[in-house]
Structures are given as structure tokens and as C-alpha cells.
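Following our numbering, the numbering of the sequence shown begins with 144 at its first residue and continues without gaps.
Cβ coordinates follow ideal geometry from the N, Cα and C atoms, glycine included.
If you're wondering where the values come from, they're calculated on a predicted model, not measured in any experiment.
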Amino acid sequence: MVEKPNMPYNLIGEKKLSMLVEAFYHRVARHPELSNLFPDDLTETERKQKQFLTQYLGGPPVYTEEHGHPMLRARHLPFPITESRAKAWLGCMHEAMDDVQLEGPVRDDFFHRLALTAHHMVNTDEREQSDID
Numbered sequence: 144m145v146e147k148p149n150m151p152y153n154l155i156g157e158k159k160l161s162m163l164v165e166a167f168y169h170r171v172a173r174h175p176e177l178s179n180l181f182p183d184d185l186t187e188t189e190r191k192q193k194q195f196l197t198q199y200l201g202g203p204p205v206y207t208e209e210h211g212h213p214m215l216r217a218r219h220l221p222f223p224i225t226e227s228r229a230k231a232w233l234g235c236m237h238e239a240m241d242d243v244q245l246e247g248p249v250r251d252d253f254f255h256r257l258a259l260t261a262h263h264m265v266n267t268d269e270r271e272q273s274d275i276d
């Protein structure tokens with residue numbers, strides 16, 4: 144296998160990516176808009192997120208090998224994701240990036256890609272969600 148040294152995964156590294164996911168879910172678990180969307184035990188959620196981000200950032204296809212195609216939007220349809228929840232998710236990720244000192248162009252590019260993805264996941268209008276709550 145030919146290593147791709149400029150891929151974001153290689154620039155961030157497995158250890159820092161793992162720390163990032165842990166810092167992120169630490170925040171998500173305590174966030175009033177997000178915590179109820181996730182299980183109490185985030186162990187498996189973190190493991191899958193590490194796999195997904197590894198692949199998303201150009202590392203080995205570990206997510207697809209175990210779970211098949213990510214199909215992000217389809218996998219998230221059962222959960223009411225509003226624009227404010229997407230922003231909250233991104234806020235948790237931004238703070239987690241601060242926590243692990245992920246900086247520079249790799250951070251900027253990674254966060255931009257995550258922002259596009261988070262907004263693509265929105266599947267519920269704020270008014271619809273307030274009627275449910």
C-alpha cells in the first residue's frame with residue numbers, strides 16, 4: 144500500500160484523532176441539545192466515529208470494512224437533526240479541536256468539511272422539533 148503523507152489523517156495522526164473524538168463526545172454527552180440523541184454509554188459511538196473519521200480523512204477504510212458504506216444521511220434520518228443541533232454539534236467539535244490543540248490548515252480544512260456534512264444532515268425544521276418537544 145502506498146502511504147499518502149499529505150492526507151489529513153496522516154497530518155493529524157491516529158492518536159490525536161482518537162483524543163479529538165473522546166474530547167468531542169465528552170462535550171456532546173453534556174450538551175442540552177445533543178445528549179438526548181445519543182446513548183448513555185458512548186463507547187460504541189466513539190469507536191464508530193473514530194473509524195468513520197479515519198476513513199473520511201484519507202486513512203484506511205476501516206469504517207466501510209466493518210459497517211459497509213457510511214450512508215450518512217440515511218443513517219441519521221431516524222434522529223431529528225435541526226439547524227441548531229447541527230450548529231451545536233459543530234460547536235462541540237470546534238471546542239474539542241481546541242482541547243487537543245488541532246491547529247493550522249489541516250484544522251481549517253477538516254472543520255470546513257465537517258460543517259458541510261453537518262448541515263447536510265439537517266432533516267427537521269426547528270418549528271417541527273419544537274412541536275415535538
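Should ALA166 and VAL243 be called a contact, given that it needs their Cβ atoms to be closer than 7 Å? Yes, they are a contact pair.
Using beta-carbon positions only, say whether ALA239 and LEU163 come within less than 7 Å of one another. yes
Output the distance between the C-alpha atoms of GLU246 and ALA229, rounded to the nearest integer angstrom. 22 Å
Counting beta carbon pairs with one atom in the region 187-207 and one in the region 216-236, are three or more of them shorter than 8 Å? no
From this set, TRP232, HIS212, GLY156, ILE224, which residue's C-alpha is nearest ARG173's C-alpha? TRP232
Using the Cα positions of ASP252 and ASP184, report the straight-line distance between them to the nearest angstrom. A direct Cα-Cα distance of roughly 30 Å separates ASP252 from ASP184.
Distance CB(THR225)-CB(GLU269) smaller than 7 Å: yes
Can you tell me whether PRO148 is buried or exposed, with buried defined as 16 or more other CB within 10 angstroms of its CB? exposed
Residue closest to PHE222, alpha-carbon to alpha-carbon, out of GLU189, PHE181, THR188, LYS158: Comparing Cα-Cα distances from PHE222 to each of GLU189, PHE181, THR188, LYS158, the minimum goes to PHE181.
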